[in-house]
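Notes follow once the structure below has been shown.
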Amino acid sequence: MATLCVLTIAALAIQAASAQQPPPRFGGAYSDLGPRRQKLIDNWVARFVATTGQKLAAGPFYDEVLSLSTKTTFDAVTHALMTTKLTDGAGGSLGDALALVDQVESVRGETAGAPSDRQFRMYARLVSGALDTLARSKEFKRGVDNAVYHQGYPISYRGQTGVPSVQFSVALDGRRADIDVDYRRSIFPVGLFNGHLTASNSDVRAGNNYDKHVNRWGGFQNWWRGFFGVRYEQTPQAETPPTRLQDLKTPRVGKKKIEVMVNDFLNAWLVEGNIIAAMGYVSERSYACLAQDSDNPADFDRGVAPFQLMINMKAAYESLGPHSSLDGLVVGTRLSAPGVRVVRQPLHATFVIYAVPDDAAVRFDCESRLTLEDPDSVAREYGNYAGATFYIAGQRNYPVALLWSREDGYWKIVSWNVGAEDEKAPAPEPAPEAKVARINADPTFVEAARGFLENWLVKKNYDAAFGYLSPKSYECYNLEKREGEPAAASPDEAGRKLRAALESAGKTVSTSRKLEAMLSAADPVHPATKVMNHPFSRVFSLSSIPNALADAAECSARAAGSTIPDPMPLEYGNGFGTTVRFKTRAGDAPTLRLLWRHENGAWRITSYGVELP
Numbered sequence: 002m003a004t005l006c007v008l009t010i011a012a013l014a015i016q017a018a019s020a021q022q023p024p025p026r027f028g029g030a031y032s033d034l035g036p037r038r039q040k041l042i043d044n045w046v047a048r049f050v051a052t053t054g055q056k057l058a059a060g061p062f063y064d065e066v067l068s069l070s071t072k073t074t075f076d077a078v079t080h081a082l083m084t085t086k087l088t089d090g091a092g093g094s095l096g097d098a099l100a101l102v103d104q105v106e107s108v109r110g111e112t113a114g115a116p117s118d119r120q121f122r123m124y125a126r127l128v129s130g131a132l133d134t135l136a137r138s139k140e141f142k143r144g145v146d147n148a149v150y151h152q153g154y155p156i157s158y159r160g161q162t163g164v165p166s167v168q169f170s171v172a173l174d175g176r177r178a179d180i181d182v183d184y185r186r187s188i189f190p191v192g193l194f195n196g197h198l199t200a201s202n203s204d205v206r207a208g209n210n211y212d213k214h215v216n217r218w219g220g221f222q223n224w225w226r227g228f229f230g231v232r233y234e235q236t237p238q239a240e241t242p243p244t245r246l247q248d249l250k251t252p253r254v255g256k257k258k259i260e261v262m263v264n265d266f267l268n269a270w271l272v273e274g275n276i277i278a279a280m281g282y283v284s285e286r287s288y289a290c291l292a293q294d295s296d297n298p299a300d301f302d303r304g305v306a307p308f309q310l311m312i313n314m315k316a317a318y319e320s321l322g323p324h325s326s327l328d329g330l331v332v333g334t335r336l337s338a339p340g341v342r343v344v345r346q347p348l349h350a351t352f353v354i355y356a357v358p359d360d361a362a363v364r365f366d367c368e369s370r371l372t373l374e375d376p377d378s379v380a381r382e383y384g385n386y387a388g389a390t391f392y393i394a395g396q397r398n399y400p401v402a403l404l405w406s407r408e409d410g411y412w413k414i415v416s417w418n419v420g421a422e423d424e425k426a427p428a429p430e431p432a433p434e435a436k437v438a439r440i441n442a443d444p445t446f447v448e449a450a451r452g453f454l455e456n457w458l459v460k461k462n463y464d465a466a467f468g469y470l471s472p473k474s475y476e477c478y479n480l481e482k483r484e485g486e487p488a489a490a491s492p493d494e495a496g497r498k499l500r501a502a503l504e505s506a507g508k509t510v511s512t513s514r515k516l517e518a519m520l521s522a523a524d525p526v527h528p529a530t531k532v533m534n535h536p537f538s539r540v541f542s543l544s545s546i547p548n549a550l551a552d553a554a555e556c557s558a559r560a561a562g563s564t565i566p567d568p569m570p571l572e573y574g575n576g577f578g579t580t581v582r583f584k585t586r587a588g589d590a591p592t593l594r595l596l597w598r599h600e601n602g603a604w605r606i607t608s609y610g611v612e613l614p
């Protein structure tokens, strides 16, 4: 019923849009998709028409109803699929990966408030025998299944060419799938809290994900290129604007009300083209928005961030051309977020101002995604943050949200988001959720899991923490290391590097004396996993996993590209898991997965990995 209501609203939106002047086209139109992808959209809309009787054409639906991020997601996922050729062990053709898709159920772009694994992906119904084709192909392997993310779609087939790669997450019926492109590598341990904590892992627009995409799958166009809601045809020239950094510190109107500051920022940038004056409203905190999109946010050079921002802002201004005022150029748009309150002010038609509570602000703030802290520790208080929302040059599907905060008495931009909105595409029908069995944990296993985490993160006893790692786990170092770092040449070297990584990560984490202040449990949702009851189940999750799944998760098996047998035997007793995530102020983090076995009378970690959304 919810899907029908959403699509009915979509049909009415198209009818209303047809009476208005059409928005400017910047690419990404239905007519650009080609026959195979148009057929998927046609089928999607036709099923709705057959169900509801609403008159709805595929082209207007795609062009005028779907959001920008939904279209970039559909474009990127289907392009990756249609350019991924499948071959069997003898080199015979199995077609391409798009041929495995029978019909589209939904496409989800950037959706405010949705979990990371519910954004930037295509939900589809696969053709009969698709899993058999994936299993026969050399290009995909069924490795370690999804443990925490992709609920309802546990079976995981990943592309084998490294990142970026396509992931098919498939329901137990073998027909329904959640398909996304992973552009980032999982890195232990820094990947747990270095800014790769958002759905940008699968957003082709984020950071250099587009460059990675075209390097892997050629012929893909960046038709959405832009900055702060302004699209431009060419990449901005990398010329450093002549200025002194101290000239960027102070807003030129002084300490005024938020609406005055927002108005002067937009006028300085978009009407006058005075980038130096506009930068006076940009806080250094906002540089985290550039850092979080880089492959290694910890190494991002924030010294160059202001110059990159000025280059981008100048290119956006030049793309719009001259304007004498903001009238018609900037239009206010509404924001849906818990706790925000509209502020009455005379320029409401140009931009909408919100009072934003602290707890909502930290979940939006880019810097918060790099900050380890319990999000529940932030109270709902007003007065410290404000939001401004608008779209530029008629680009309704490219809304801009700027988060402002006081610094030295001035309102300044501390974070931004472009394109996030309430998704207009129909949501997929929920996949059947298998009930996960619960059993009681072995107390000695609980003691070992807690002992490892306590020694690593609280006591900072890195030798004791490293002692919980079996030599079998050392082979995971080369699988989980940062890109560009030299591989370990021997198991002993891998062990030394792993011990150093534990220490480096441990020093990054706060000196809290309690694990519960730093960690939260991440219960597995895989239907074959048995979740364990134990006294610390809110801090970390323990589970008993099928022996076949444990064998496939071993470092040596992952390095060799071993696969899980299908069907998977449900035999238990040899492999056990810990799943846990660090708490961040943004409240969204990857999951650490540890595989435990009983070795020589003691519990030891034999494999580890980071599961991204």
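Number 332 in the working numbering belongs to position 331 of the sequence shown; there are no gaps in the numbering.
Beta carbons: idealized from backbone N, C-alpha and C, even for Gly.
Reference residue i, options the options, closest by Cα
i	options	result
ASN575	PHE352, ARG253, ILE606 and LYS142	ILE606
ALA499	TYR475, SER511, ASN462 and ALA522	Rather than Ala, the amino acid found at residue 499 in this sequence is Leu. The candidate whose alpha carbon is nearest that of LEU499 is TYR475.
ARG358	ARG335, GLY384 and SER538	Reading the sequence as shown, one finds Pro at residue 358 and not Arg. Nearest C-alpha to PRO358: GLY384.
ALA522	ARG451, TYR478, ALA551 and ALA501	ARG451
SER326	ASN268, ARG122 and ASP366	ASN268
ILE619	LEU310, THR84, SER201 and LEU57	Nothing about residue 619 can be reported from this structure: the residues present for the chain run from 2 to 614 only.
ASP377	SER406, LYS461, THR585 and VAL540	THR585
ILE180	GLY255, GLY144 and ASP118	ASP118
ASP360	VAL353, ASP212, PHE352 and ALA387	ALA387
HIS349	LEU132, TYR158, PRO252 and GLY333	GLY333
THR74	ASN223, ASP174 and THR564	ASN223
GLY322	ALA506, ASN418 and GLY274	GLY274
ALA506	GLU285, GLY485, SER369 and ASN462	ASN462
VAL283	LEU271, PRO307 and HIS324	PRO307
ASP174	ILE188, GLY144, LEU132 and GLN168	LEU132
VAL331	PRO339, GLN396 and SER337	GLN396
LYS256	GLY410, TYR318, VAL182 and PHE301	GLY410
TRP405	SER491, GLU368, LYS213 and VAL50	GLU368
ALA77	ILE565, VAL182 and THR579	VAL182
SER287	SER416, ALA91 and SER201	SER416
THR232	ASN398, ARG176, PRO614 and LYS531	Note that residue 232 corresponds to Arg in the displayed sequence, not to Thr. When each option's Cα is compared against that of ARG232, the closest is ASN398.
Counted within 10 angstroms of its Cβ, other Cβ atoms place residue i as buried (16 or more) or exposed
i	result
VAL305	exposed
ALA488	exposed
GLU448	exposed
PRO429	buried
ILE185	Reading the sequence as shown, one finds Arg at residue 185 and not Ile. Buried, since its Cβ has 16 or more Cβ neighbours within 10 Å.
ARG206	buried
ALA501	exposed
LEU644	Examination of residue 644 is not possible in this model, given that the chain is present from 2 through 614 alone.
ARG364	buried
THR1	Here the chain has residues from 2 to 614 only, and residue 1 is not among them.
HIS527	buried
ASN313	buried
ASN210	buried
PRO400	buried
GLU484	exposed
Identified DSSP bridge partners for residue i
i	result
ALA387	ALA356 and TRP405
LEU596	GLY578 and SER608
SER470	The sequence shown places Leu at residue 470, not Ser. Paired residue(s): ILE606.
VAL331	ILE393
VAL341	Paired residues: none, contrary to the question.
ASN418	ALA402
ASP183	SER166
LYS86	ASP97
PHE228	VAL231
GLN104	ARG126
TYR411	GLU408
ILE440	MET533
VAL305	DSSP output for VAL305 lists no bridge partner at all.
VAL283	ILE414
Is the stretch 160-173 touching the stretch 205-219 in the sense that three or more CB pairs, one from each, lie closer than 8 angstroms? yes
Could you name each continuous beta strand (DSSP E) segment of 3 residues or more that falls completely within the stretch 521-587, going from the start of the chain to the end? 531-534, 542-546 and 576-583
Three or more C-beta pairs under 8 angstroms: does that hold for the stretch 83-102 against the stretch 123-138? yes
Please go through the stretch 106-180 and give each complete beta strand (DSSP E) segment of 3 or more residues, from N-terminal end onward. 122-127, 141-143, 156-160 and 166-171
Touch check for the stretch 525-537 and the stretch 102-116: three-plus C-beta pairs under 8 angstroms? no
At a cut of 8 angstroms, does the stretch 455-465 reach the stretch 540-549 through at least three beta carbon pairs? no
Tell me, please, whether the stretch 60-70 touches the stretch 30-45 by the rule of three or more beta-carbon pairs shorter than 8 angstroms. yes
Unbroken stretches of the alpha helix (DSSP H), 4 residues or longer, contained in the stretch 30-57: 36-53
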